[in-house]
Amino acid sequence: MRLTEQNKKYIFIGLAILLLVLFLFNQKPVVPEKQCCGSTTTTNNLKTMYAPESTGKTKAPAIMNFNTDWCGYSRQFQPVWNKFSSNMANKKIQVKNIKCDKKENEGICKKFNVQGYPTVMMVSNNNTFEFNGNRTVEDLEKFANQNM
1 MRLTEQNKKY
11 IFIGLAILLL
21 VLFLFNQKPV
31 VPEKQCCGST
41 TTTNNLKTMY
51 APESTGKTKA
61 PAIMNFNTDW
71 CGYSRQFQPV
81 WNKFSSNMAN
91 KKIQVKNIKC
101 DKKENEGICK
111 KFNVQGYPTV
121 MMVSNNNTFE
131 FNGNRTVEDL
141 EKFANQNM
């Protein structure tokens, strides 16, 4: 059987489409960095919301950075968090760095339903606020001051 120029074109187009389809289906989905919606949840009992050993026993507001050692975004954010933490040292707020890949922190990470890293949340006046701003010291300070 002899291939005509027309048949060669159809075969070439068919192979190109097949390769394109295979390429598209073999791509891993791009999972964007977690940027949530800034939701607020009212809680009836703040003490049951978080583990006392993780955030202290006082009723001062607590801002928490949920992160892991293996997450690149967490590692990239850590210097910003450290600077923010030192800036807040004289404020009436607890600043906590919670490693969700550590066994002792599994409970608190589950209670706050942490699904991406890093996630910054603040508990103040029986409300939980999730940070969704830019990951800068200035935006973290603004977030903390607005929700205290």
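Using UniProt numbering, read the sequence shown as starting at 1 and increasing by one per residue.
Ideal placement from N, C-alpha and C gives every residue a C-beta, glycine not left out.
Keep in mind it's a predicted model, so treat the numbers as computed, not measured.
The beta carbon of N67 sits closer than 6 angstroms to the beta carbons of S74, Y117 and P118 from its chain, once the five residues preceding and following it are set aside; these are given in chain order. Counting along the chain, the unbroken alpha helix (DSSP H) around F84 starts and ends at G72 to N87. Straight across, the Cα-Cα distance linking R135 with K99 is about 18 angstroms. The shortest C-alpha to C-alpha distance from K83 to any of P61, E141, V114 and N7 is the one to E141. Going by beta carbons, K96 and M64 fall inside the 8 angstroms limit.
Here P61 is buried. Its C-beta has 16 or more other C-beta atoms within 10 Å.
In its chain, beyond the 5 residues on either side, Y117 and P118 have a beta carbon closer than 8 angstroms to the beta carbon of C71. Rounded to the nearest whole angstrom, the C-alpha separation of T4 and N26 is 33 angstroms. Following the DSSP letters along the chain, one finds E130 inside the beta strand (DSSP E) bounded by residues N127 to E130. In the structure shown, F143 adopts helical secondary structure according to DSSP, grouped into three states.
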